[in-house]
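Asker:
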Amino acid sequence: MGDIPAVMTALHEHLKKHDVVVMVSGDPGYYSLLDAIRREFPPESFSVIPGISAVQFAFARLALPWHDADLLSFHGRRPDDEELTYRPRRILGMLTDTKYNSQTISELLMRLGWPPDSIVAVCARLSYADEKILRTTLQKALTEEKETHCVMVVTGL
Ligand SMILES: C[S@@+](CC[C@H](N)C(=O)[O-])C[C@H]1O[C@@H](n2cnc3c(N)ncnc32)[C@H](O)[C@@H]1O
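In this note's numbering, the protein residues as written are 389 to 545.
#1: Distance, Cα to Cα, R465 vs V539?
#2: Kindly indicate the opening and closing residues of the alpha helix (DSSP H) around R499.
#3: Among the residues of its own chain, which have a CB less than 6 Å from the CB of V510, if the five just before and after it don't count?
#4: For P416, is the classification buried or exposed, using 16 other Cβ atoms within 10 angstroms of its Cβ as the cut-off for buried?
#5: Go ahead and pull the three-state DSSP assignment for A424.
#6: Suppose contacts are defined by Cβ-Cβ distances below 9 Å. Is L459 in contact with E495 by that definition?
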């Protein structure tokens with residue numbers, strides 16, 4: 389799905405002949421294809437069926453309410469330092485990628501002042517048979533197995 393212009397071209401082509409269903413994982417409106425589709429097609433021309441976001445899934449697995457959490461994405465982007473500021477009891481829920489993964493994000497947060505003992509949950513392959521949820525600290529996450537595509541939930545001490 390990296391080549392979004394090609395996906396849009398294919399959509400236009402298929403729509404000349406029949407209706408089209410676009411399936412994505414998680415929720416289509418959360419760092420997903422909905423943005424691009426809205427730029428290409430008027431919103432009244434399609435309907436969106438919500439899905440369970442990996443973030444929502446992670447908080448559920450951790451039995452943690454997420455209404456007070458700040459949600460950020462490191463997937464192909466990097467939030468500003470100001471968005472990552474440490475505050476006691478602040479909760480961050482983060483999407484990750486290959487570059488910004490469980491190790492590099494833990495390192496970055498500590499560099500920005502998060503206590504090394506802050507609890508972090510690294511939630512990978514959620515909903516799959518090999519789902520993995522690791523509860524550790526920012527410091528220990530540096531030497532734990534690196535997870536690239538996961539949800540990290542960090543709680544400030
Ligand atoms: C482009 S975003 C898409 C998010 C998706 N729209 C959602 O609502 O979950 C991709 C990122 O979501 C996270 N992600 C997607 N599926 C996941 C899963 N099954 N387990 C853990 N994280 C997942 C990872 O951080 C991944 O790099």
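All C-beta atoms, glycine included, are put in the ideal place defined by N, C-alpha and C.
Answerer: Well, looking at it:
#1: Cα to Cα, the separation comes out at about 15 Å.
#2: 490-499
#3: S490, L522, E535, C538, M540
#4: buried
#5: Note: A424 maps to helix in three-state DSSP.
#6: no
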